[in-house]
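Colleague: Would you mind keeping the following structure in view while I ask a few things?
Chains as they are written, first to last, in this note's numbering: chain A, -17 to 394; chain B, -17 to 394.
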């Protein structure tokens, strides 16, 4: 069995572990039993009152495939993508009503070969996302997030500028943004759309996410703060560190922020989004198995725990082949593909729990209902923001970045 | 099956998964196959040349029990504790020789009931640690770390001052430090000894770790930086936030630091130890299943990844009963125990891999050989310290801690 063929950790555990042990293993790995949203998706929307009661345990990770209402499940099946749904509960409060919202994470392959005409590739990707977002709408999703630079192959390993820079578009007025605005209005959905941005004014490219309100208006954009120079990749060949700081977007469904890809390795990046008020931080990514898979389940989840917020990690799937071979960056032969993008998109909650991941190999839509009240409840319980001693760290960090910083090392 | 009875995640997976799937599951969960140190422990020391070659795969998590040399395995068995050993490799470099060292993590129950005379409890714990450290010495351990406040029950849930404050000792001159100095000299071993400290001069108590050089000298001390106020616990009833900053100790075997217990929830705490040069950060802890178990495998491992260093998470085992009942802090009835301390001590490496954990229920010694060259190799590969934009975070953080900080929130 190769790493590309292995479908998912969760499926393997489900298939082989005895029920009593599975309960403990899932508790340790995922934080708690996740519940099957047996009635998650309805064509007629307005489904919250039909959810199973909070005390119904989720007995199987694949119960969704059995019990979902017909239309969404059938549409996902016909369109050949995985559909899973989970729900994070919060305690009932006396003064605040629940703040249940639904988030959708979409992971997908590129549709056409990487040497097809640029516009054909973009159009094919728009079509694919269009049909997946339609299912998200059937599932009552309020905020959907796509993967990093979703309209194109992740071609930044090639070192070639053409034709990849032609995929870059205006964040405010590009075709992809207009396409997303239509989706947003049609489905009353906030769209988080990570693209390769061209800023015509300065002739600069950026790795950018465009946040579109459910009204259809562009709410704003946020750029990738940390740029990798690793292995095949030096993305600063194409774009530099972002200059938009740690913007948080107040949507009708909650305050959201976007930490793009490599920024997930930097705890301070997550932290500053949280300090600016983010309740959900999305992490649209593009990363391959050999490089990062053992870190994937750790970093976004740690960020949810450390910052008392929800985090949503999204990774593309498949292997993307390029016509020209490029250096492997590790002493091996030049090659035509970067490796297998392993999907495995998931959502982590502030209480340390997480959903199972989507498939490692298939396109997929993960629908997650969350009560945003959980953030404050967990913050009140664990109090990291009050015990963090941040003023002292601000002082220490300012010293530590000086070139003549003297570390505090005790010797015998 | 109750959470107290479930012995370990690793054992469950080993017992039920088919070999081909187990390889993938272990790769995803632990980062890579760990190797069995079949000849790890020898009474005659000087064992590095007898290790299996680097390309021998580790086929079973329990191979140690089968293949270890007799004396250490027998001693561990007779003394009724688990003994496991793993090794993290690094690439061979041209200019630096390997820097292989061995770290030992010890987790244990309290020995006597919590209402036994204080001196009897301390003496019994000294004896227990003495016999475990002897086995660590047989295994060639260079640096050993014990669990948080290892000489006493974790009694800070009781709110009672007596007799618990009597367990507090001078870091420099207490009986426990003297006991550790003897061990250090006898076995040529650095001892990391977390205790409840009494500073006679000011009449203050601290949650402190004493670091003792393999020469037997006290190298220094480091105090717990972040103090929990959660559930049953408000540890600031007993001691306040530490004032020793982020000290790193240069030992003969590498630069080490100690992030005590609740500090593991604070990414900035790990980070500042790393900024001061720590190559290994220990995290002696005392935490129970219902509270933190799903976070346990995430936080220290995330810190190893984010900071390009090794981290060692240690948790005590067992349930500790107290004579007086105390508030549960969660609306339930007052109770006599805080819950089950779940052990599961492990070591995480900068490349995202980790060892399997020790048992959830038994005393144990985890011996881990690591080539400290791996830290710089991974740093050169991933470059988080160069892509971290720390100067900007220092500035942002200084603003964010002001009471009149205006978060950057975009609204429609």
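Just so it is clear, CB atoms sit at the ideal spot from N, CA and C, and this is done for glycine as well. Just so we're clear, the structure is a prediction, and the values are computed from it rather than from any experiment.
Can you give me, in chain order, the residues of the region 349 to 373 of chain A that have a beta carbon less than 7 Å from any beta carbon in chain B?
Modeller: From the region 349 to 373 of chain A, only 363, 364, 365, 366, 369, 370, 371, 372, 373 have a Cβ closer than 7 Å to chain B.
Colleague: Could you list which residues in chain B have their beta carbon closer than 9 Å to that of residue -9 of chain A, in chain order?
Modeller: In chain order: 6, 7, 10, 11.
Colleague: Which of the three DSSP states, helix, strand or coil, is assigned to residue 121 of chain A?
Modeller: Here residue 121 of chain A sits in coil by DSSP.
Colleague: Following the continuous alpha helix (DSSP H) through residue 179 of chain A, name the residue where it begins and the one where it ends.
Modeller: Where residue 179 of chain A is concerned, there is no enclosing alpha helix (DSSP H), although the beta strand (DSSP E) it sits in stretches over 172 to 181.
Colleague: Does the count of Cβ pairs from the region 214 to 223 of chain B and the region 325 to 345 of chain A closer than 8 Å reach three?
Modeller: With the cut-off at 8 Å, the region 214 to 223 of chain B and the region 325 to 345 of chain A do not touch.
Colleague: Output yes or no for whether 8 Å exceeds the beta carbon distance between residue 290 of chain A and residue 251 of chain A.
Modeller: Not in contact: residue 290 of chain A and residue 251 of chain A (Cβ atoms no closer than 8 Å).
Colleague: How big is the Cα-Cα spacing for residue 352 of chain B and residue 85 of chain B?
Modeller: Taking the straight line joining both Cα atoms gives about 8 Å.
Colleague: Looking only at C-alpha atoms, which of A:240, A:288, A:373, A:312 sits nearest to residue 392 of chain B?
Modeller: Of the candidates A:240, A:288, A:373, A:312, the one whose C-alpha sits nearest the C-alpha of residue 392 of chain B is A:240.
Colleague: Could you check whether the region 246 to 266 of chain B touches the region 370 to 379 of chain A, counting it as contact only if at least three pairs of C-beta atoms, one from each stretch, sit closer than 8 Å?
Modeller: Yes: the two stretches touch, three or more of their Cβ pairs being nearer than 8 Å.
Colleague: Between which two residues does the beta strand (DSSP E) containing residue 296 of chain A stretch?
Modeller: That run of the beta strand (DSSP E) goes 292 to 297.
Colleague: At least one CB of chain A closer than 8 Å to the CB of residue 322 of chain B: is that the case?
Modeller: Chain A contact via Cβ: absent.
Colleague: DSSP state of residue 88 of chain B, grouped into three classes?
Modeller: Correct three-state label for residue 88 of chain B: strand.
Colleague: If you scan the region 268 to 350 of chain A from start to end, which runs of the beta strand (DSSP E) of 3 or more residues do you find wholly inside it?
Modeller: Segments of the beta strand (DSSP E) lying fully in the region 268 to 350 of chain A: 292 to 297, 299 to 308, 317 to 324, 328 to 330.
Colleague: At a Cβ threshold of 8 Å, is residue 237 of chain A touching chain B?
Modeller: Yes, contact with chain B.
Colleague: Identify the continuous beta strand (DSSP E) that holds residue 203 of chain A and give its terminal residues.
Modeller: Element bounds for residue 203 of chain A: 200 to 205.
Colleague: Does the region 73 to 89 of chain B touch the region 134 to 149 of chain B, meaning 3 or more C-beta pairs lie closer than 8 Å?
Modeller: Touching, no, given that fewer than three Cβ pairs across the two stretches are closer than 8 Å.
Colleague: List the endpoints of the continuous beta strand (DSSP E) containing residue 66 of chain B.
Modeller: 64 to 70 is the span of the beta strand (DSSP E), which, as asked, contains residue 66 of chain B.
Colleague: Looking only at C-alpha atoms, which of A:197, A:184, A:179, A:183 sits nearest to residue 191 of chain A?
Modeller: The shortest Cα separation from residue 191 of chain A among A:197, A:184, A:179, A:183 belongs to A:179.
Colleague: Can you pull the DSSP bridge partners for residue 211 of chain A?
Modeller: DSSP output for residue 211 of chain A lists A:216 as bridge partner(s).
Colleague: Closer than 6 Å by C-beta to residue 305 of chain B: which residues in its own chain qualify, once you throw out the five before and the five after it? Chain order, please.
Modeller: Closer than 6 Å at Cβ, skipping near neighbours: 97.
Colleague: List the residues of chain B that residue 375 of chain A touches, going by C-beta distances under 8 Å, in chain order.
Modeller: Near residue 375 of chain A (Cβ distances below 8 Å), the residues of chain B are 250, 254, 379.
Colleague: Along chain A, which residues have their Cβ under 9 Å away from the Cβ of residue 195 of chain B?
Modeller: In chain order: 394.
Colleague: If the criterion is Cβ atoms closer than 8 Å, does the pair residue 382 of chain A and residue 383 of chain B meet it?
Modeller: Cβ atoms of residue 382 of chain A and residue 383 of chain B: not closer than 8 Å.
Colleague: Quick check on residue 147 of chain A: does DSSP put it in helix, strand or coil?
Modeller: Here residue 147 of chain A sits in helix by DSSP.
Colleague: Can you pull the chain B neighbours of residue 191 of chain A, defined as C-beta to C-beta under 8 Å?
Modeller: By Cβ distance, chain B contributes nothing, its closest Cβ being about 12 Å from residue 191 of chain A, past 8 Å.
Colleague: Answer yes or no: does any C-beta atom of chain B fall closer than 8 Å to that of residue 288 of chain A?
Modeller: Yes - at least one Cβ of chain B is within 8 Å of the one on residue 288 of chain A.
Colleague: From the beta carbon of residue -1 of chain B, is the nearest beta carbon of chain A less than 8 Å away?
Modeller: Yes, contact with chain A.
Colleague: Starting from the N-terminal side, write out each stretch of the beta strand (DSSP E) that is 3 residues or longer and does not extend beyond the region 241 to 269 of chain B.
Modeller: Runs found: 262 to 267.
Colleague: Might you give, ordered along the chain, the residues of its own chain that have their beta carbon closer than 6 Å to the beta carbon of residue 193 of chain A, omitting 5 neighbours on each side?
Modeller: Correct list, in chain order: 174, 201, 202, 231.
Colleague: Provide the residue span of the alpha helix (DSSP H) that contains residue 93 of chain A, from first to last.
Modeller: No alpha helix (DSSP H) contains residue 93 of chain A, which DSSP labels as neither H nor E.
Colleague: Give a yes or no on whether the minimum CB-CB distance between residue 215 of chain B and chain A is below 8 Å.
Modeller: For residue 215 of chain B, the answer is no, since every Cβ of chain A falls outside 8 Å of its Cβ.
Colleague: For residue 141 of chain A and residue 368 of chain B, I'd like the C-alpha separation in whole angstroms.
Modeller: Roughly 21 Å separates the two Cα atoms.
Colleague: Take the Cβ of residue 31 of chain B as the centre, count every other Cβ of all protein chains shown within 10 Å, and call the residue buried at 16 or more, exposed below.
Modeller: At residue 31 of chain B the pLDDT is 38, less than 50, meaning the model places this residue with poor confidence and gives no usable figure here.
Colleague: Under 9 Å between beta-carbons, which chain B residues line up against residue 94 of chain A? List them in chain order, please.
Modeller: Here the premise fails: no neighbours, minimum Cβ distance about 30 Å.
Colleague: Would you report the Cα separation of residue 48 of chain B and residue 57 of chain B, rounded to the nearest angstrom?
Modeller: The predicted position of residue 48 of chain B is uncertain, since its pLDDT is 29 and thus under 50; a value taken from the coordinates is nonetheless stated next. The alpha-carbon atoms of residue 48 of chain B and residue 57 of chain B are separated by roughly 14 Å.
Colleague: Indicate whether at least one CB of chain A lies closer than 8 Å to the CB of residue 154 of chain B.
Modeller: By this cut-off, residue 154 of chain B is not an interface position.
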